[in-house]
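S.K.: Below you'll find the structure I mean.
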Amino acid sequence: MTDILVSEIMNRLNSLFPSVSSELNSINDYTFLIAVLLSAQTKDKRVNIVTKELFKVASTPVQMLELGLDKLKEYIKTIGLYNNKANNIINLSKILIEQYNAEVPLDRDQLELLPGIGRKSANVILNKICNAPYIAVDTHVARVSKRLEFTKNTKVNKIEEDLYKVIPSEYHTIASNLLVMHGRYTCTAKNPKCSKCILKDICNSRNKYF
Ligand code: SF4
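In this text, residue positions in the sequence shown follow our numbering: the first is 1, and each later residue adds one.
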């Protein structure tokens with residue numbers, strides 16, 4: 001895929017989603033961090049249903065510890081892996097209070113050390129809070145990138161490396177959100193909507209799915 005074609009793809013997706021951003025609801029940096037943690041293997045819509053009530057009672061690390069593990073579990077029990085996620089939220093909140101003055105550290109290495117926060121989540125958080133040019137590779141980004149021939153790799157860290165090389169730097173800040181939206185609504189895992197796709201004239205994967 002040439003640089004011109006990659007730019008054309010990103011331009012078209014950007015025109016389709018001109019003010020693209022994470023679909024996770026939050027009211028401050030801490031609640032965004034919690035929403036990202038909860039979203040692992042869970043749809044954003046489900047997370048937003050749960051956090052709508054949770055953030056009314058706990059929108060800071062101190063309030064989360066006051067709420068406590070058992071009540072937190074009650075709020076998030078409809079989400080997959082909620083036991084693990086609840087434990088991570090409580091432990092993470094303690095660390096934020098003890099080490100970061102109850103603030104979210106805006107450093108990727110420090111974020112990755114927090115319970116339940118990996119490389120992808122750290123990229124999503126810094127991308128949203130700081131507009132950092134980090135590309136977060138989730139299942140949608142991986143699938144769409146492969147179909148668009150941005151990468152042949154299957155390992156997440158290798159895909160991320162490829163995307164920084166293939167996608168022009170001016171798109172790095174919005175790239176993952178654009179690819180997520182395209183993967184969520186058009187280039188879906190099963191039965192992608194190739195006939196209605198804005199990229200169908202330049203995507204070599206289209207014939208595989210018509
Ligand atoms: S043409 Fe099909 S496979 Fe290619 S990007 Fe569009 S939906 Fe995905």
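The beta carbon of each residue, even a glycine, is placed where N, CA and C say it ideally should be.
Small disclaimer: the values here were computed from a predicted structure and weren't measured.
When you compare the stretch 151-170 with the stretch 101-113, are there three or more beta-carbon pairs, one atom per stretch, that lie closer than 8 angstroms?
M.R.: Pairwise C-beta distances place the stretch 151-170 out of contact with the stretch 101-113, as fewer than three of them are shorter than 8 angstroms.
S.K.: Indicate the three-state DSSP secondary structure (helix, strand or coil) for Tyr75 in the structure shown.
M.R.: Position 75 of the sequence shown holds residue 75. Of the three classes helix, strand and coil, the one that applies to Tyr75 here is helix, per DSSP.
S.K.: One question on the structure: do Leu179 and Val144 come within less than 7 angstroms of each other, judged by their Cβ atoms?
M.R.: As a working mapping, residue 179 is identified with position 179 in the sequence shown. As a working mapping, residue 144 is identified with position 144 in the sequence shown. Yes, the Cβ-Cβ distance between Leu179 and Val144 is below 7 angstroms.
S.K.: With a cut-off of 8 angstroms, do at least 3 Cβ pairs link the stretch 158-168 to the stretch 21-28?
M.R.: no
S.K.: Would you report the Cα separation of Lys56 and Asn191, rounded to the nearest angstrom?
M.R.: Along the sequence shown, read from residue 1 onward, the residue named residue 56 stands at position 56. Along the sequence shown, read from residue 1 onward, the residue named residue 191 stands at position 191. The alpha-carbon atoms of Lys56 and Asn191 are separated by roughly 38 angstroms.
S.K.: For Ser15, which residues in the same chain have their Cβ closer than 6 angstroms to its Cβ, ignoring the five residues on either side in sequence?
M.R.: Taking the first residue of the sequence shown as 1, we reach residue 15 at position 15. Hits under 6 angstroms: none found.
S.K.: Suppose you measure from the CA of Ile159 to the CA of Tyr134; what does that come to, to the nearest Å?
M.R.: Locating residue 159 in the sequence shown gives position 159, where the first residue counts as 1. Locating residue 134 in the sequence shown gives position 134, where the first residue counts as 1. The straight-line gap from Cα to Cα measures roughly 13 angstroms.
S.K.: Using the beta-carbon count (16 or more within 10 Å), is Gly80 buried or exposed?
M.R.: Position 80 of the sequence shown, counted from the start, is the residue given in the question as residue 80. By the 10 Å Cβ count, Gly80 comes out exposed.
S.K.: Who are the Cβ neighbours of Asn207 in its own chain at under 6 angstroms, not counting the five residues just before and after it?
M.R.: As a first step, residue 207 must be located in the sequence shown, where it is residue number 207. Here the set comprises nothing.
S.K.: Name the residue from Glu103, Cys130, Val137 and Asn131 whose alpha carbon lies nearest to the alpha carbon of Arg119.
M.R.: Start at 1 with the first residue of the sequence shown, and residue 119 comes out as number 119. Closest option to Arg119, Cα to Cα, is Val137.
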